[in-house]
Every structure is written in C-alpha cells, then in structure tokens.
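Residue numbers (the numbering used here): 21 to 154.
Here it is in structure tokens:
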C-alpha cells in the first residue's frame, strides 16, 4: 500500500478549516491535509505540548513555521531547495534546566540563510542608488 503523506493546513485564509481533507498537492489519494483541530486533539490525547515535523519546503520561507495555535512546528533543513530561494532551519532542543522529567523543553530554531537570498541582497546593496548630502 502507498504511504500516507500528511500536510498541515496552514495558509492564512484557511484558519477555519477543520478535520482531514485530500491534498491538492498530490494526484493520488496518498496525501491529506489536516487542520489545527486534528493537531490539538492529537496532542491532548497523547499528553503532548508540541508536534515537530519536517517535510514540505515553502518557497522564500524561513525554514520553519509555528502553526496550529503553537501546537505544530514545521522545520525544513535544506536551503535553496530546488532553486526555491528558501532558508533552511535546524532546531536546538534543550531541557529547561530542572531535574523533573515532566518539565518542558526549549525549542529554538536556527535559520540557515539561503545562498540565493544572500547573493540577491548583496547585489541589491551594490546596485542601490546612494543619496549623498551636500
């Protein structure tokens, strides 16, 4: 059987989307979109405060997205994926510093800047007109 590929519903205009739906990204039925309600229910049932997933690059993205009322963090580590000009990111996960295993962890994204964006930015700085006061 085909593996199921899940994509979280995160576009700004889809805040009212609930449940699980077929993904327009895939032509087969092997991908679904899931709304914020699915993430929150999953976390509640499993005693979790956050789901971290990696997949799905966003063109010109930062390499990570905090979504679904802060219950879902998407990270994508490959910068400039397929020429998309996206930043990549990795996560630094550390304990909060107490001995209690039930304590929370700190999750801090570290952005790996897109080489294409950096080059474009330096070209714009070189080409930008300067205003010199007289």
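Built from N, CA and C at the ideal position, the CB exists for glycine as well.
Quick one: grab the DSSP three-state call for residue 85. For the purposes of this step, residue 85 is identified with residue 65 of the chain shown, where counting begins at 1. It is a strand residue.
Please check the pair residue 95 and residue 83, which I expect to be a contact at CB under 8 Å, by giving their CB distance rounded to whole angstroms. Counting from one through the chain shown, the residue named residue 95 turns up at place 75. Counting from one through the chain shown, the residue named residue 83 turns up at place 63. Contact annotation, residue 95 with residue 83: C-beta distance approximately 7 Å; criterion of less than 8 Å satisfied.
Assuming contact is defined by CB atoms lying nearer than 9 Å, are residue 67 and residue 124 in contact in what I supplied? The residue labelled residue 67 in the question sits at position 47 within the chain shown. The residue labelled residue 124 in the question sits at position 104 within the chain shown. Contact: no.
Residues in the same chain with beta-carbon distance under 8 Å from residue 116, minus the five sequence neighbours each way, listed in chain order, please. On the chain shown, position 96 is the one that residue 116 refers to. 123, 124, 125, 126, listed in sequence order.
Give a yes or no on whether the C-beta atoms belonging to residue 93 and residue 108 are separated by under 9 Å. Residue mapping note: residue 93 aligns to position 73 of the chain shown, counting from 1. Residue mapping note: residue 108 aligns to position 88 of the chain shown, counting from 1. Not a contact, by the Cβ cut-off of 9 Å.
Express the C-alpha separation of residue 75 and residue 146 in angstroms, rounding to a whole number. The residue labelled residue 146 in the question sits at position 126 within the chain shown. The residue labelled residue 75 in the question sits at position 55 within the chain shown. At residue 146 the pLDDT is 48, less than 50, meaning the model places this residue with poor confidence and gives no usable figure here.
Alpha carbon to alpha carbon, how far is residue 137 from residue 111? Here residue 137 is taken as the residue at index 117 of the chain shown, counted from 1. Here residue 111 is taken as the residue at index 91 of the chain shown, counted from 1. C-alpha separation (whole angstroms): 21 Å.
Using only CA atoms, which one of 140, 60, 53 lies nearest to residue 91? The residue given as residue 91 occupies position 71 in the chain shown. In terms of CA proximity to residue 91, 60 leads the group 140, 60, 53.
Between the alpha carbons of residue 86 and residue 55, how many angstroms are there, rounded? Counted from its first residue, the chain shown places residue 86 at position 66. Counted from its first residue, the chain shown places residue 55 at position 35. Their Cα atoms are separated by approximately 14 Å.
Excluding the 5 residues flanking residue 135 on each side, which residues of the same chain have their C-beta closer than 8 Å to its C-beta? As a working note, residue 135 is residue 115 in the chain shown. Closer than 8 Å at the Cβ level, and outside the excluded window around residue 135, lie 99, 100.
Might you give, ordered along the chain, the residues of its own chain that have their beta carbon closer than 8 Å to the beta carbon of residue 79, omitting 5 neighbours on each side? As a first step, residue 79 is located in the chain shown; it is residue number 59 there, counting from the start. So the qualifying residues of the chain are 104, 105, 106.
Span separating the alpha-carbon of residue 24 from that of residue 53: Along the chain shown, read from residue 1 onward, the residue named residue 24 stands at position 4. Along the chain shown, read from residue 1 onward, the residue named residue 53 stands at position 33. The predicted position of residue 24 is uncertain, since its pLDDT is 40 and thus under 50; a value taken from the coordinates is nonetheless stated next. For residue 24 and residue 53, the distance between alpha carbons rounds to 11 Å.
Mapping DSSP to helix, strand and coil, what is residue 61? What you label residue 61 is simply residue 41 of the chain shown in a count that begins at 1. Of the three classes helix, strand and coil, the one that applies to residue 61 here is helix, per DSSP.
Hey, would you say the C-beta of residue 77 is under 8 Å away from at least one heavy atom of the ligand SAH? For the structure depicted, the ligand SAH is absent and the ligand set is empty, with no information on it obtainable.
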